[in-house]
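*Asks:* When the sequence shown is numbered by my numbering, its final residue is 180 and no position is left out of the sequence of numbers. Backbone N, C-alpha and C fix where the C-beta goes; we use that ideal spot for every residue, glycine too. To start, I am sharing the structure in question, which I have written as structure tokens.
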Amino acid sequence: MEGEPVADENPGENSSGILNEIDGDLYRKVLGRYPTGVTLVSAMDGDEPLAMVIGSFVSVSMDPPLVGFLPGKESYTWGRMSSSGGFCVNVLSDAQADLSNAFFRKDGDPWEGTGWQPADVTGSPAIPSCLASIDCAVHEVVDAGDHWFVMGRVVGVSHVDEGSPLVFLGGKYGEYRAQG
């Protein structure tokens, strides 16, 4: 039917049947021109709190309330978090770049000084100083190439009224500035 999307039977091929090769470095550079928010997605592995820095957080649906993020398939942390059945998305403020960086370091306890508390429903670590915390039950995990698309059913939310989000663009942190 005219005007309806058609699934491509051969992804990567154009209408002439020619395979479109995309240079990986160029692709990464192009995607680096798109700003993202910075979140810490957290969960428990037994008694141990875990988190990973995620820039691929997205709202999926308002009814039912669903959100999602995309961890790499090789992610050790997601491998440990995935069996918990829940997670919490902590939205970082522009004053929390150091907190984000703490979760990349191998030394020290990144949770030190966060004052994290178990989220009401899933028990996943919620950080009260973040702009928002979104408690989720895992809804579905979908294969998405070299990543997983993890969707969560929102089961609880909290937020602060002040602050601006931490933004990531071109390999650097920044802050959001409203125009007008």
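#1: Can you give the beta carbon distance from residue 80 to residue 107, rounded, assuming they're within the 8 angstroms contact cut?
#2: Our contact map puts residue 36 next to residue 24 with C-beta atoms below 8 angstroms; I'd like the distance itself, whole angstroms only.
#3: Answer yes or no: do residue 67 and residue 58 have a C-beta to C-beta separation smaller than 8 angstroms?
#4: For residue 154, which beta-bridge partners are listed by DSSP?
#5: Which residue comes first and which comes last in the beta strand (DSSP E) that contains residue 92?
#6: Measuring CB to CB, does residue 87 end up less than 8 angstroms from residue 122?
#7: Any heavy atom of the ligand ADP closer than 7 angstroms to the beta-carbon of residue 37?
#8: Is it the case that the Cβ atoms of residue 157 and residue 134 are separated by a distance below 8 angstroms?
#9: Going by C-alpha distance, which of 155, 174, 170 is nearest residue 164?
#10: With 16 other CB atoms within 10 Å as the buried threshold, where does residue 93 fall?
#11: What residue does the alpha helix (DSSP H) around residue 102 start on, and which one ends it?
#12: Please report how far the alpha carbon of residue 33 lies from the alpha carbon of residue 166, in whole angstroms.
#13: Looking only at C-alpha atoms, which of 49, 99, 153 sits nearest to residue 138?
#14: Could you tell me which of 64, 21, 91 sits nearest to residue 151, measuring between CA atoms?
#15: Taking a contact to mean a Cβ-Cβ separation below 8 angstroms, would you say residue 160 touches residue 89 in this structure?
#16: Tell whether a beta-carbon distance below 8 angstroms holds between residue 147 and residue 29.
*Replies:* A quick look at the data gives this:
#1: Under the criterion of beta carbons closer than 8 angstroms, residue 80 and residue 107 do not qualify as touching, at roughly 19 angstroms.
#2: About 19 angstroms separates the two Cβ atoms, so there is no contact after all.
#3: At a Cβ-Cβ threshold of 8 angstroms, residue 67 and residue 58 count as neighbours.
#4: Residue pairing for residue 154: DSSP places it in a beta bridge opposite 136.
#5: Taken as a continuous stretch (DSSP letters only), residue 92 belongs to no beta strand (DSSP E), as it is neither H nor E.
#6: yes
#7: For the ligand ADP, the structure offers nothing, since it holds no ligand at all.
#8: yes
#9: The shortest Cα separation from residue 164 among 155, 174, 170 belongs to 174.
#10: buried
#11: 97 to 102
#12: Approximately 16 angstroms, taken between the alpha carbons.
#13: 153
#14: Comparing Cα positions, the closest option is 64.
#15: no
#16: For the pair residue 147 and residue 29, the CB atoms are not nearer than the 8 angstroms cut-off.
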